[in-house]
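Trainee: So in the UniProt record's numbering, spot 167 of the sequence shown is number 167, and the numbers just go up one at a time.
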Amino acid sequence: MQQPGNLNASLEKVAKVSFYIFIGVVVCFGLYLIRGALFPLVLGIVLTYILNPFVNFFEQFIPLKSTKPKLARALSITIVIVTSFLIIAGCLLLVVPPMFKQSSELITNIPSLITDARTTVESWNKEYASNIPEEVRVEIDRLLENGGAILLGEFSGLIGRTAVAAVHALTLVIGLVVLPLFVFYFLKDRETVRESFVEIFPTDTQIHVVYVLRILNRIIGAYVRAQFTLAAVVWVFISIGL
């Protein structure tokens, strides 16, 4: 027979697990509700994983590291972020002008493309009128009329979805504006954030949370940096091709 003390301990453990599950469900539901604003947050975390090795590298060469480590860390982060913006701006200067030139050529050729398309459609219409029986044409015309109504409904739905997308885009722009501040804060105080997160859990489980976070940090960091390297190589070849 189970002792009352053991029974109370089991009930307490079940209550704790149930509470954590409830909190997890609430957090997931809240994240689902604000999923449109999560992209800048996720992007900031990814950039933190990418930039952190460079920050650690430059931090070693700052003379203030031994006397004022926080200031040295902040200076290293500033150097890395400014350098990253300069590199991105340089890449855009290499890629955007050719893309703009090709887009201009496409816009210039649009009238001739429309004329060719109209000529092709008119030739199809003549073949359609001469080769297809009248009964079949009537049925096809009726189906096309119904298709027009369907297209009109889809267009109305598209307008509604466009309005929603505009709101999401505004939220995204606001998030991207504060993205550098978030990356700076996370690079500077990532250990403080990690310790604050670990302190949420009970004392007897904190060590396990630390181990899990270390494993996740190593795996996610390696994956993100590998994908970034692959994307950089692809970007270089695309830039050469343009």
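Glycine included, C-beta positions come from ideal geometry on N, C-alpha and C.
I believe L179 touches L31 by the beta-carbon criterion, under 8 Å. Please report the beta-carbon distance rounded to the nearest angstrom.
Mentor: That belief does not hold up - the Cβ atoms of L179 and L31 are roughly 18 Å apart, past 8 Å.
Trainee: What does the Cβ neighbour count give for S76, buried or exposed, with the cut at 16 atoms within 10 Å?
Mentor: Burial call: buried.
Trainee: When you compare only the Cα positions, how much space is there between Y223 and L230?
Mentor: If you take the alpha carbons of Y223 and L230, they lie about 11 Å apart.
Trainee: Which ranges does the alpha helix (DSSP H) cover as unbroken runs of at least 4 residues, wholly within the region 165-226, from first to last along the chain?
Mentor: Counting only runs of 4 or more, we get 179-188, 190-198.
Trainee: For a quick check, are the C-beta atoms of F58 and I79 less than 8 Å apart?
Mentor: Closer than 8 Å, so yes.
Trainee: If we call anything under 8 Å between Cβ atoms a contact, is N52 one with L187?
Mentor: Yes. Within cutoff.
Trainee: Classify F61 as helix, strand or coil using the three-state DSSP reduction.
Mentor: Coil.
Trainee: Helix, strand or coil: how does DSSP classify T67 here?
Mentor: Coil.
Trainee: Please say whether L47 and V183 have beta carbons closer to each other than 8 Å?
Mentor: Yes; because the gap between Cβ atoms is below 8 Å, this pair is in contact.
Trainee: Taking just the CA atoms, how far does S123 sit from D116?
Mentor: Taking the straight line joining both Cα atoms gives about 11 Å.
Trainee: Mark V55 as exposed unless 16 or more other C-beta atoms lie within 10 angstroms of its C-beta, in which case mark it buried.
Mentor: V55 comes out buried.
Trainee: Could you give the distance in angstroms between the alpha-carbon of V177 and the alpha-carbon of D204?
Mentor: Spanning the two alpha carbons is a distance of roughly 40 Å.
Trainee: Is T229 close to chain C? Criterion is C-beta to C-beta, closer than 8 Å.
Mentor: Although the question refers to chain C, the structure presented lacks it and comprises just one protein chain.
Trainee: Taking C28 and W235 to be in contact with their CB atoms under 8 Å, please state how far apart those CB atoms are, rounded to whole angstroms.
Mentor: Contact flag wrong, Cβ pair sits at about 34 Å.
Trainee: Would you mind sorting P40 into buried or exposed? The rule is 16 or more other CB atoms within 10 Å of its CB.
Mentor: So P40 ends up on the buried side.
Trainee: Use the C-beta contact count for R118: other C-beta atoms within 10 angstroms, 16 or more gives buried, fewer gives exposed.
Mentor: So R118 counts as exposed.
Trainee: Just how far apart, CA to CA, sit I114 and E105?
Mentor: Their backbone Cα atoms lie some 15 Å apart in a straight line.
Trainee: Below 8 Å on the Cβ atoms is my guess for V193 versus V209; work out the distance and round it to an integer in Å.
Mentor: Incorrect: roughly 13 Å between the Cβ atoms, too far for contact.
Trainee: Whole angstroms is fine: what's the gap from I23's alpha carbon to L213's?
Mentor: Approximately 19 Å between the Cα atoms of the pair.
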